[in-house]
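Chains A and B are the protein sequences, given in the same order.
For the first sequence, the working numbering assigns the number -18 to the initial residue and increments by one for each residue that follows.
For the second sequence, the working numbering assigns the number 231 to the initial residue and increments by one for each residue that follows.
One structure below.
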Amino acid sequence: MMISLAKIRTLLNWKMGALIAALLTISAVSVASSEPESNSGRVPKPKIEIEKGDKCVEDEDFMRRNHMKLLMHKRDETMHKGIRTKKYSLQNCIECHASKKNNSVLGSNENFCQSCHSYAAVKIDCFECHASKPKVQPSAGFFHPIVPPATPGVAATDKESHGLSYSMRQQMRSNVNEQNNAGVTR
Amino acid sequence: MSCANKSRREFLGTTAVATASLAVAPGVMLIDMAHGRAPEEAASSSVRWGMLVDTNKCDSGCTDCVTACNTENGLSGDTSETGSQWIRKVELKDMRTGKATSLPMMCQHCAEPPCVDVCPTGASFKRADGIVLVDKHICIGCRYCVMACPYKARSFIHEALADQNPDVPRGKGVVESCTMCVHRVDKGQTTACAEACTKAGHDAILFGDLNDANSEISKRVSTFATKQVRADLGLNTGVRYQGI
């Protein structure tokens, strides 16, 4: 079979043109689909308010899938052996991820723990016993300054629990009430 | 050479006391070096935590230890039948002599704890360093341990709780008791009750390592007559009393 050079050239050009067109179409589609998922599609995604989420103890993907295993392992180590390292501890999670709005990981469907768990309909039972707020240490630099500082006239005495002033505790208590009224998934 | 050594010894001797309670870094206290363990190190059976109560120094009517315990562990202080009481003040009176004694009673942290023996789930357990605890993740609230304890030291949480101390998780439906402030002990601190008693100037409660021959508690136990409550049960309690 003999095909002239000119014929091959025209065939090639046609094929290249088709290829380029196909590539363009694919890239256009991929650009469209890389837009934020919450804005497109019919499935709502959880809206998570992350205060300090850029550097977790492990990769984000790993944490999403395995945080419960890490916590389970850590709780047994702590409870039975008294190993109190901060990494993987629930207290450490809460210290970073508590919302600035209500100083908690629970409370609304934007709060760190509650957002995903209510979206996935997974019950969290940690907070029936564990505090959902970070431990307030005014002396050690309180980095979630949502609880208003004590009124200048009222000094926190040792007898008040955990060095909190009365007003701070009232504030925390009212946060808990709000949180209970908000219908926390428990 | 010997002169240098001598001065070095003197220096160590005089400064040891002064620096014993000073912090060298945040969270690291020199005084803990005797018992201190790193956060990643597990509790070891070479330590046996215990308490010694000197009933001669314990004032009748003083409830400083109870208050401190309630504050530290987030207890309401409710003394009703359903209230959580990790530590109680007990008033005793010898009817013949009229001698009145007041003493705090709490979980005795037995070496052979009956609560652990009867627990069907393994929630009740003794840590390697002698502290008897309830693993509330495993506890099903059956209350066998409450029945088994000869010291009436355990209580059940009947109501849902909120606003817990992050270091002391507590919740409805499980059994609890004195943890010997395990969250503080792991950091090398003393218990809240002993601290409050010392701070108030009574000095009636002494916390320390019963296995360490050089600890204050061991010295006192080896010098003075101390008693275990219901010693006839052979439980080898970690809490000892002096003067009863």
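Glycine residues also receive a C-beta, built at the ideal position from the N, C-alpha and C atoms.
- With a threshold of 8 Å between beta carbons, H54(A) makes no contact with chain B.
- Residue contact check for Q72(A) against chain B: a CB pair falls below 8 Å.
- In the DSSP annotation of this structure, the continuous segment of the beta strand (DSSP E) that includes E321(B) starts and ends at I317 to K323.
- Counting along the chain, R45(A) sits inside the alpha helix (DSSP H) bounded by residues E41 to D57.
- Below the 8 Å Cβ cutoff, chain B contributes L363, D365 and H367 as neighbours of M60(A), in chain order.
- Between the alpha carbons of T285(B) and C292(B) lies a distance of about 12 Å.
- Under the DSSP assignment, D439(B) falls in the beta strand (DSSP E) whose first and last residues are I435 to D439.
- For V415(B), the three-state secondary structure derived from DSSP is helix.
- Within 8 Å of the CB of N444(B), no CB atom of chain A is found; the nearest one sits about 22 Å away.
- Contact check for E91(A) against I29(A) passes: the beta carbons are separated by less than 8 Å.
- Its Cα nearest to that of K402(B), the residue Q394(B) stands out among M325(B), T421(B) and Q394(B).
- Under a 10 Å Cβ-count criterion, A298(B) is classified as buried, with 16 or more other Cβ atoms of the shown protein chains found around its own Cβ.
- The secondary-structure analysis by DSSP pairs S354(B) across a beta bridge with V364(B).
- Residues of the segment 335 to 362 of chain B that bring their beta carbon within less than 9 Å of a beta carbon in chain A comprise F355, R357, A358, D359 and I361, in sequence order.
- Residue nearest to R384(B) within the set T351(B), A430(B) and T409(B) is T409(B) (criterion: CA-CA distance).
- Taking 8 Å as the CB threshold, H111(A) lines the interface with chain B.
- Against R45(A), chain B offers no close residue; the least beta-carbon distance is about 23 Å (beta-carbon pairs closer than 8 Å).
- Counting along the chain, R384(B) sits inside no beta strand (DSSP E), nor does DSSP assign it H or E at all.
- Secondary structure at M281(B): strand, using DSSP grouped into helix, strand and coil.
- Within the segment 402 to 421 of chain B, the residues whose Cβ lies closer than 9 Å to any Cβ of chain A are, in chain order, K402, G403, V404, V412, H413, V415, D416 and K417.
- Interface annotation, P115(A): in contact with chain B, CB-CB separation under 8 Å.
- Here S452(B) carries a helix assignment [DSSP, helix/strand/coil].
- Contacts between R400(B) and chain A, judged by CB atoms closer than 7 Å, involve C110 in chain order.
- Spatial neighbours of T467(B) in its own chain (CB-CB distance under 6 Å, excluding positions within 5 residues in sequence) are listed in chain order as Q338, C340 and Q458.
- For the options V376(B), V364(B), A392(B) and P334(B), the alpha carbon positioned closest to that of L87(A) is the one of A392(B).
- Ranked by how close their Cα comes to the Cα of T301(B), the residues T421(B), T428(B), R373(B) and A461(B) have T421(B) in first place.
- A Cβ-Cβ distance of about 5 Å is found for the pair A353(B) and D365(B), placing them in contact under the 8 Å criterion.
- With a contact defined as Cβ atoms closer than 8 Å, K287(B) and D433(B) qualify at about 6 Å.
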